[in-house]
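Sequential numbering of the sequence shown, starting at 18, is according to my numbering.
Glycine included, C-beta positions come from ideal geometry on N, C-alpha and C.
Read the structure below first, then the notes.
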Amino acid sequence: MYDPQNIFAKILREEIPCKKVYEDQFSLAFHDIHPQAPVHVLVIPKGDYMSLDDFSAFAPPADVAGFFKAVGTVARELGLVEGGYRILANHGVNGGQEVPHFHIHILGGKSLGRMVA
Ligand code: 5GP
């Protein structure tokens with residue numbers, strides 16, 4: 018069950034602040050509070066989805082398309098295309114997911130090395 022008290026739901030409701038970098042009808046993007054790279058931005062859908070699992074299974078196709086187009090837009094607007102960047106999404110315990118609202122990490126601004134340590 019989706020927990021409406023998770024921290025990203027509170028950010029979407031503007032109950033707690035974030036350093037917003039982008040917003041449209043499908044998504045909100047903001048800087049990660051504990052950046053793991055010189056640029057570390059999170060992109061979240063506006064619907065109540067816990068991870069890629071329920072988002073990919075249940076979100077309307079237009080929302081999926083709109084969300085992933087927003088991820089690309091954010092990376093471009095952050096100036097990451099030329100130098101390169103990484104996106105990742107964690108699901109569940111083995112994925113190390115901490116916040117149960119679907120989010121894509123965008124990481125860049127330096128060479129990120131191997132995909133998995
Ligand atoms: P996960 O491990 O769930 O994929 O990633 C959750 C991310 O959310 C972490 O990188 C963590 O630093 C970030 N985070 C946790 N709480 C907050 C918060 O209150 N504000 C922001 N901007 N990021 C947060």
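Asked                                                                                                              : Found
Are K127 and A74 close, meaning C-beta to C-beta below 8 Å?                                                        : no
Could you check the C-alpha separation between A76 and L129 for me, to the nearest Å?                              : 31 Å
So, helix, strand or coil for S68, using DSSP?                                                                     : coil
Taking Cβ positions, are F119 and S68 nearer each other than 8 Å?                                                  : yes
So, does the segment 56–64 touch the segment 81–101, judging by three or more C-beta pairs under 8 Å?              : yes
Less than 7 Å separating the Cβ of D71 from some heavy atom of ligand 1?                                           : no
Does the beta-carbon distance from D49 to G64 come in below 8 Å?                                                   : no
Could you give the DSSP three-state label for A46: helix, strand or coil?                                          : strand
Classify Y102: buried if its beta carbon has 16 or more other beta carbons within 10 angstroms, exposed otherwise. : buried
Answer yes or no: the CB of L124 versus the heavy atoms of ligand 1, is any distance below 7 Å?                    : no
Check whether the Cβ of L59 sits closer than 7 Å to any heavy atom of ligand 1, and report yes or no.              : yes
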